[in-house]
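Notes to accompany the following structure.
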Amino acid sequence: MSLLQVKDISHAYRSSKRLWRSGSLTAVLSKVSFAIEPGQCLGLLGTSGAGKSTLGKVILGMERPRQGRVIFQGHDLYNVDPQTARLLRRDLQVVFQDCYSSVNPRMTAEQIIAEPLDNYENLTRVDRKRRVGELLEAVGLKAADMQRYPHTFSGGQLQRINIARAIALKPKLIVLDEPVSSLDMVNQTRILTLLSELKATLGLSYLFITHDVKAAHVISDSLAVMKEGRIVELCSDKNQLAASTHPAVCELYASVLPEHPRDRLLGREASGPTSP
Ligand SMILES: Nc1ncnc2c1ncn2[C@@H]1O[C@H](COP(=O)(O)OP(=O)(O)OP(=O)(O)O)[C@@H](O)[C@H]1O
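Sequential numbering from 1 applies to the sequence shown in the UniProt record's numbering.
Here it is, written out as structure tokens:
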């Protein structure tokens with residue numbers, strides 16, 4: 001059974017009301033369907049405004065779609081009792097692009113990472129500290145960092161803290177919404193490497209939302225391309241996507257920056273986030 005099945009999802013936003021007239025509807029997602037298998041990463045590519053983040057919110061249970069169903073671990077996410085919904089939410093986590101606005105600046109790293117543990121697990125103070133320390137080390141930081149506040153971390157370090165919080169409850173699926181887009185190239189590569197390692201060691205599944213073809217190729221098993229709210233290409237083997245002749249796919253590949261001249265001279269593979 002697939003871990004996640006997205007079935008015929010359509011969604012529209014209503015523009016703001018004016019006096020007595022109700023706002024008109026603008027379609028954002030049209031009959032979107034795909035599945036994610038356990039331990040797999042689906043890379044969801046598309047240019048700005050394609051509807052990727054809206055789809056991510058629908059899958060996270062944050063935006064009820066106007067049509068279609070999201071089946072997670074065999075349950076219809078928008079048609080379950082509150083107790084099951086709470087259990088499903090535990091297995092469904094998210095990392096957003098903006099690592100700074102994703103955390104409360106008044107909370108220490110320990111408080112940020114322990115938030116989901118406090119919601120779902122009744123740990124003693126000692127066990128809670130130990131778990132937070134282990135999670136910090138799992139994302140490449142030190143246990144001693146738990147007393148520090150967000151403003152004392154770099155963007156890359158703070159994104160590691162967001163990842164530590166996302167894996168704290170050992171979820172099944174993490175929606176990664178442009179998780180490296182606000183980082184420099186070196187940190188993009190480091191975070192993508194970390195995410196790949198965590199996927200392998202913890203058996204995680206990802207929906208990796210991005211506009212970056214190179215980054216998508218690093219971490220994904222399968223790739224989908226969205227354009228104007230529709231999936232226009234879906235390849236279960238990521239290496240097949242480059243052969244697509246769909247204009248939206250060609251546009252994405254054409255936007256990939258050429259390799260650094262030094263790498264061309266040395267005959268190396270393209271650098272940047274593709275080579276963890
Ligand atoms: N809450 C909202 N209310 C009204 N319209 C919205 C809302 N959220 C998004 N939209 C619109 O829906 C469309 C899709 O937006 P969405 O953020 O899902 O696209 P995206 O592919 O994630 O783009 P980006 O990569 O720029 O984040 C856009 O036209 C956007 O303006």
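Positions of the beta carbon are idealized from the N, C-alpha and C atoms, including for glycine. Quantities reported herein were computed from a predicted structural model and do not represent experimental measurements.
Q: Just mark L4 as buried or exposed, buried being the case when its beta carbon has 16 or more other beta carbons within 10 Å.
A: Looking up residue 4 in the sequence shown gives position 4. By the 10 Å Cβ count, L4 comes out buried.
Q.
According to DSSP, V32 sits in a beta bridge with which residue or residues?
A. Sequence index remark: in the sequence shown, residue 32 carries index 32 (1-based). BP columns for V32 point to I9.
Q: Under 6 Å from any heavy atom of ligand 1, by CB: list those residues in chain order, please.
A: Y13, V28, G46, S48, G49, A50, G51, K52, S53, T54, H211
Q. Since M226 sits in a beta bridge, which residues does DSSP pair it with?
A. Translated into positions along the sequence shown, residue 226 becomes position 226. M226 pairs with I231.
Q. What residues in its chain sit with their C-beta under 8 Å from that of Y253, if we drop five residues either side in the sequence?
A. Indexing the sequence shown from 1 puts residue 253 at position 253. Closer than 8 Å at Cβ, skipping near neighbours: V213, A242.
Q. Would you report the Cα separation of A215 and V180, rounded to the nearest angstrom?
A. Here residue 215 corresponds to residue number 215 of the sequence shown, with the count starting at 1. Here residue 180 corresponds to residue number 180 of the sequence shown, with the count starting at 1. Using only the alpha carbons, I get a separation of about 9 Å.
**Q.** V58 versus C41, L88, I9, Q159, residue with shortest Cα-Cα distance
**A.** As a working note, residue 58 is residue 58 in the sequence shown. Ranking the options by Cα distance to V58, first place goes to I9.
Q: Within the same chain, show all residues whose beta-carbon is closer than 8 Å to that of A224, passing over the 5 residues directly before and after it, in chain order.
A: Looking up residue 224 in the sequence shown gives position 224. Closer than 8 Å at the Cβ level, and outside the excluded window around A224, lie F34, L42, G43, L44, L45, I231, E233, L234, C235.
(Q) What does the alpha-carbon distance come out to for the pair S205 and H151? (A) Locating residue 205 in the sequence shown gives position 205, counting from the first residue. Locating residue 151 in the sequence shown gives position 151, counting from the first residue. For S205 and H151, the distance between alpha carbons rounds to 30 Å.
Q. Taking all protein chains shown into account, do 16 or more other C-beta atoms lie within 10 angstroms of the C-beta of P65, making it buried, or fewer, making it exposed?
A. Here residue 65 refers to the residue found at position 65 of the sequence shown. Buried, because 16 or more other Cβ atoms sit within 10 Å of the Cβ of P65.
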